[in-house]
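Inspection log for the structure reproduced underneath, given as structure tokens.
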Amino acid sequence: MSGAQPYWPQGWSRDRLVNASGDELGTIPPEESDRMFDSLRAALGTEGYKALVKEISDNEEERERQEAATTGQSANFLDQFSPEDRVPLLRSLRQWCPEGPYGWVVYRSCCYDDELKWRQFRNKFDQCIDSSFEPHIDVPGIREVKERFEVRWVEEKLLDVDSIAAHYRELEPTLPQGLRQAMCLSIGDAELQSVLDSPIPTPNPVHEQLLIPYVLGIDMMAGENAVNDEFDAQEHGWRTSYRVAVSALTRSLLINMLDTSMSPRELSVGVSENKIWLDDSGRYGIFTMGVSQSD
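Here full-length UniProt numbering is used: position 199 in the sequence shown is 199, and no number is missing along the way.
See below:
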């Protein structure tokens, strides 16, 4: 444990934190919450911080058990939620793509001189996708949507982002609706190696890993207007291409594309050269390569 002291927002203490509900924690402004948890990590060290998080989780589970016993509800908290609440992808598909294939167009941008290595990559990539469905496989409807998921591979020797985006803009109108995302994906040497080198499924907590499998996500409008691209980069910190976790391809990234709630470049904020986009939860939805973030 270091000599650093935890920061507590007004009215908060350790006792209140470990006994707070999720709703109560949500009342803390995000910047105050970030400061509190960052200071606790610094003050307690890795093991102490893990113990604190476990205590918070254990207390929450105990409250749920007591409430279930009092109300006569199932002790399994998840039983209270519909399949669409448990797996938001189901809701997005029902609204935007109720039938037919859905998924991604992925460009092969490497390994044309080594078919064996490419086949090894494809096999492990498929394992990554399968493993991302597995935690929810018994939720009603998941097996069906897993069968509908499709990756459409494009074998064009296009190595730069703008060329891939231009090719995709021509291809996109010919695709089934569920594959017409505002983003396409690319596999270069680094992306291929990340899949080959990473354990499948990715161990939890994900932020304690040094590497996770990722692909390159490319905004389909990349290069269409260089002035706009430069303005977005300078004014907003938006990028036209960035690394995306393979696990996000069947979860948060796909949901954002189906819902068209945010453009690909809007999602890129904070995803610098050594980072990987995990989900849309802000700083905690970004993975830093080569750094175990439990340290």
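Glycine included, each C-beta is placed from N, C-alpha and C at the ideal position.
Because the structure is a prediction, the values reported are computed rather than measured.
DSSP has residue 351 in a bridge; who is on the other side?
There is no way to answer for residue 351, as the model of the chain reaches only from 1 to 295.
Quick check: the Cα distance between V105 and I286, rounded to an integer number of angstroms?
As a working mapping, residue 105 is identified with position 105 in the sequence shown. As a working mapping, residue 286 is identified with position 286 in the sequence shown. Put simply, the backbone Cα of V105 is about 23 Å away from that of I286.
Buried or exposed, going by whether 16 or more other CB atoms sit within 10 Å of the CB of P98?
Your numbering for residue 98 matches position 98 in the sequence shown. Under this definition P98 is an exposed residue.
Name the residue from K124, Q181, C111, D229 whose alpha carbon lies nearest to the alpha carbon of R152.
Along the sequence shown, one-based indexing puts residue 152 at 152. Taking only the C-alpha atoms, the option nearest R152 is Q181.
In whole angstroms, what separates the C-alpha of M183 from that of S261?
As a position in the sequence shown, residue 183 is number 183, starting the count at 1. As a position in the sequence shown, residue 261 is number 261, starting the count at 1. Taking the straight line from one Cα to the other gives about 13 Å.
M183: first and last residue of the uninterrupted beta strand (DSSP E) it sits in
Locating residue 183 in the sequence shown gives position 183, where the first residue counts as 1. DSSP places M183 in the uninterrupted beta strand (DSSP E) bounded by 183-187.
Suppose you measure from the CA of L17 to the CA of P9; what does that come to, to the nearest Å?
Walking along the sequence shown from the start, residue 17 turns up at place 17. Walking along the sequence shown from the start, residue 9 turns up at place 9. Their Cα atoms are separated by approximately 11 Å.
What do you get for S74, buried or exposed, if any count of 16 or more other CB atoms within 10 angstroms of its CB means buried?
If you number the sequence shown from 1, residue 74 lands on position 74. Low local confidence applies: a pLDDT of 49 at S74 is under 50, so the model's placement there is unreliable, and no value is given.
Look at the alpha carbon of N214 and the alpha carbon of R243, and state the distance between them as a whole number of angstroms.
Your numbering for residue 214 matches position 214 in the sequence shown. Your numbering for residue 243 matches position 243 in the sequence shown. It should be pointed out that residue 214 corresponds to Tyr in this sequence rather than to Asn. A direct Cα-to-Cα measurement between Y214 and R243 gives close to 6 Å.
How about the stretch 232-250 and the stretch 267-279: do they share at least three Cβ pairs that are nearer than 8 Å?
A contact exists between the stretch 232-250 and the stretch 267-279.
For R265 and A248, the rounded distance between their alpha carbons
Indexing the sequence shown from 1 puts residue 248 at position 248. Indexing the sequence shown from 1 puts residue 265 at position 265. Distance between the alpha carbons of A248 and R265 is about 16 Å.
Residue of I212, T250, I218 minimising C-alpha distance to T288:
Translated into positions along the sequence shown, residue 288 becomes position 288. Out of I212, T250, I218, I212 has the C-alpha closest to the C-alpha of T288.
Among the residues of its own chain, which have a CB less than 6 Å from the CB of S132, if the five just before and after it don't count?
Here the question's residue 132 lines up with position 132 in the sequence shown. For S132, where only same-chain residues beyond five positions count, the Cβ hits under 6 Å are S247, T250.
Minimum length 4: unbroken alpha helix (DSSP H) runs contained in the stretch 86-166
Runs of the alpha helix (DSSP H) inside the stretch 86-166: 88-96, 115-133, 142-148.
Across which residues does DSSP place W277 in a beta bridge pair?
Along the sequence shown, read from residue 1 onward, the residue named residue 277 stands at position 277. DSSP, once it has assigned bridges, lists V244, I286 as partnering W277.
Pick from S198, L171, D259 that is closest to Q120, judged by C-alpha positions
As a position in the sequence shown, residue 120 is number 120, starting the count at 1. If we check each option's Cα against that of Q120, S198 comes out closest.
CA-CA distance, I276 and L210?
Start at 1 with the first residue of the sequence shown, and residue 276 comes out as number 276. Start at 1 with the first residue of the sequence shown, and residue 210 comes out as number 210. Using only the alpha carbons, I get a separation of about 12 Å.
Quick check: the stretch 109-126 against the stretch 185-195, are there 3 or more CB pairs under 8 Å?
Look at the beta carbons and you see the stretch 109-126 touching the stretch 185-195: at least three pairs across the two are nearer than 8 Å.
Closest by CA to D130, which one among K146, Y7, G141?
Position 130 of the sequence shown, counted from the start, is the residue given in the question as residue 130. Looking at the Cα atoms, K146 is the closest of the given residues.
Out of G237, I142, L179, E156, state which residue places its alpha-carbon closest to the alpha-carbon of C111.
Numbered from 1 along the sequence shown, position 111 holds the residue referred to as residue 111. E156 is the residue among G237, I142, L179, E156 whose C-alpha sits nearest the C-alpha of C111.
How about N228: is its Cβ closer than 6 Å to a heavy atom in the ligand FAD?
Questions concerning the ligand FAD fall outside what the structure shown contains, since it holds no ligand whatsoever.
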